[in-house]
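Contents: one structure, followed by commentary.
Residue numbers (the UniProt record's numbering): 1 to 212.
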């Protein structure tokens, strides 16, 4: 077992039986998508919106590894700007492309005001999502309407779908390809376990693509 999962289950032993297979399933979906040039979209509300930003932050830059840019890209930079190439190449980090759908304030408020507030995430999935991409959705109840609409649009658009939720799974468990159901019922208890789960996923993905 990967050390990241060993550490996760040592701290939260209840997660191995309840979610272990689904955590691995989520990793495999995301790994396949990234390997094929896909991206990950992330959505959620409230505390889960903060988690969306956190997830993207771990994927789009170095988390535990340095992620140096390939030598060929360094040479391309030199061809464009010899004076800046070394600085840029030394500081850029490899990225796993991910977009948080909670961040676009102007778009979100315009669509909510002009069209339909519960379709703000769905509109972004429709605009950004391509077949082979992944939508990661967080909802402690599994029943957040705007999240469910986003999942529906994602599946209709050919995206793979991953849900992070609580014990019951709500309607999310029926819609998502993989649903990681934390065996807790209270929102703060669920959220406190979502974080180490997605940290483990980000570590696994980083190791898969950037470990030398």
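Ideal placement from N, C-alpha and C gives every residue a C-beta, glycine not left out.
These numbers were taken from a predicted model, which means no experiment stands behind them.
Paired residues, beta bridge with residue i - DSSP
i	result
residue 44	138
residue 160	134
residue 100	42
residue 181	165
Counted within 10 angstroms of its Cβ, other Cβ atoms place residue i as buried (16 or more) or exposed
i	result
residue 90	exposed
residue 186	exposed
residue 11	exposed
residue 109	exposed
residue 105	exposed
residue 172	buried
residue 66	exposed
residue 146	buried
residue 87	exposed
residue 163	buried
residue 48	buried
residue 136	buried
residue 212	exposed
residue 22	buried
Contacting residues, own chain, Cβ-Cβ under 8 Å from residue i (five flanking each side not counted)
i	result
residue 53	100, 102, 103
residue 152	122, 175
residue 131	157, 158, 159
residue 205	27, 30, 31, 34, 59, 96
residue 169	142, 163, 179, 181
Contact set for residue i: own chain, Cβ-Cβ below 6 Å, skip 5 residues either direction
i	result
residue 58	202
residue 198	55
residue 71	none
residue 210	65, 67, 94
Other residues of its chain near residue i: CB distance less than 7 Å, five sequence neighbours each side excluded
i	result
residue 18	181, 183
residue 166	140, 141, 142, 181, 182, 184, 185, 190
residue 160	29, 33, 134, 177
residue 194	51, 138, 164, 182
Cβ distance (whole Å) where residue i is taken to contact residue j below 8 Å
i	j	result
residue 69	residue 94	7 Å
residue 112	residue 125	Contact doesn't hold; Cβ gap of about 15 Å is too wide.
residue 40	residue 98	4 Å
residue 200	residue 8	5 Å
residue 43	residue 116	Wrong, their Cβ atoms sit about 15 Å apart, outside the cutoff.
residue 127	residue 154	With a Cβ gap of about 12 Å, residue 127 and residue 154 do not count as contacting.
residue 74	residue 85	7 Å
residue 144	residue 2	Residue 144 to residue 2, Cβ: 31 Å. No contact.
Chain B contact for residue i (CB, 7 Å cutoff)
i	result
residue 111	Absent here is chain B; the protein component of the structure consists of one chain.
- What are the start and end residues of each continuous alpha helix (DSSP H) run of 4 or more residues lying completely inside the stretch 22-91, in chain order? 47-59, 71-80, 85-91
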